[in-house]
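Comments concern the structure below.
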Amino acid sequence: MFSQSVVVIPAFNPSNDLILYAKQLIDKGVPSIIIVNDGSKPEHQAVFDQLAALPACQLLVHEVNRGKGRALKTAFSYIKEQQLAVKTIVTADADGQHVAEDVMALITVAKGSPNTIVLGVRDFDQDNVPSKNAFGNKLTSRVVALLFGTYISDTQTGLRAFDFNHLDWLLDVSGDRFEYEMNVLTYALIQSIPIHEQAIQTIYFGGESSSHYKALTDSLRIAKQLLRGFIFKKRFK
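For the sequence shown, our numbering begins at 46 and goes up steadily by one.
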C-alpha cells in the first residue's frame, strides 16, 4: 500500500524528537524519507547524524538557512534528478505536529486519487489552538474563498500529499519561505488542480517550534502572494 511513496521533512534546528518521528514513520511502513537540514546550527548535527544512519532516510543539506520553501524544492529536485520510483510525495513538518497515522492516511487517500493534492486539515475550533493561529488561518481561508471562489479550511497546513506528476510545477512555483506553501495552493486553484481535504489531529506545542513560523512576517508574505496570485491569474508562477 505504501510503496512508491516518500515523505519530505524540512528541518531547521530540530530536537531529538525528529529522530523518534522518523522511526515512527518507518515502523508504519514509509519506505523512504528525505530530510533537508536547512542550515541548522552545529549543535543540532548529532540529530542529523542519527537520522542519516536510518536505512530509509536520505539527508540533504543547506549550508545556510534558505527557508522552508527552498528546502522543499531541494527535496523535489532530488526526487526528480535521481528518478526515484515514487508516485506519492508527502510533505510534513519536523516539529511533531503531523503524527505518523495521519501521514499514512494521506498516502492512502492520495494513492486512490491520482493527480489530486491531499491536504491534512486541522480543526481550529479546538481549545488547544493558539488564538493567533486560529485567527490567521480562518482569515486566510476566507480571503482565499473571496479571491479564488474555493474555501480551503486549512490553507497553511504543512501536511500535504502530491502526485509525482506535480513535481515540475511545484519546482516552478515561486517562494523560498513559508509563502511558498500558499503559492502552491494559489497555483493549484488557478489551474483547477483537484484538492481533497483529509481531517488530521490538531496538535500544537508550547515554546519554540522547529517549524519556525513567524506569525507577523510570514503572514505578510502570504498576504502579498495571495494578492499577487489573484492579480496575475494564469501568469502566476
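C-beta: ideal position from N, C-alpha, C; glycine also.
- Within its own chain, the residues whose Cβ lies closer than 7 Å to the Cβ of Q246, once the five positions on either side in sequence are excluded, are V144, D147, listed in chain order.
- Here the region 149-163 does not lie against the region 214-223, with fewer than 3 beta-carbon pairs under 8 Å apart.
- The beta carbons of A67 and L105 sit no closer together than 9 Å.
- Of I134, Q95, C102, A139, the smallest CA-CA separation from P55 is found for A139.
- Contact check for E242 against S198 passes: the beta carbons are separated by less than 9 Å.
- Under DSSP, S50 shares a beta bridge with T133.
- In its chain, beyond the 5 residues on either side, P55, L105, A116, T119, A120 have a beta carbon closer than 6 Å to the beta carbon of V81.
- With fewer than 16 other CB atoms across the displayed protein chains lying within 10 angstroms of its CB, T195 is exposed.
- Your pair G84 and V109 checks out as a contact, with CB atoms roughly 4 Å apart and the cut at 8 Å.
- Annotated three-state conformation of N82 is strand, per DSSP.
- In the DSSP assignment, F223 falls outside any alpha helix (DSSP H) and carries neither an H nor an E.
- Exclusion of the five residues before and after T202 leaves L164, G165, V166, R167 as the residues of its chain whose Cβ lies within less than 7 Å of its Cβ.
- Note on S237: under 16 other CB atoms within 10 angstroms of its CB, so exposed under the neighbour-count rule.
- When the alpha-carbon of Q270 is set against those of I78, D72, D221, Y249, the nearest one is in D221.
- In this structure, K177 keeps its C-beta atom at 9 Å or more from the C-beta atom of Q49.
- In the three-state reduction of the DSSP assignment, I162 falls in the strand class, which pools E and B.
- The DSSP assignment places complete beta strand (DSSP E) segments of no fewer than 3 residues inside the region 68-118 at 78-83, 102-107, in order along the chain.
- The bridge partners DSSP lists for I240 are I162.
- Runs of the beta strand (DSSP E) spanning 3 or more residues and lying entirely within the region 148-193 occur at 162-166, in chain order.
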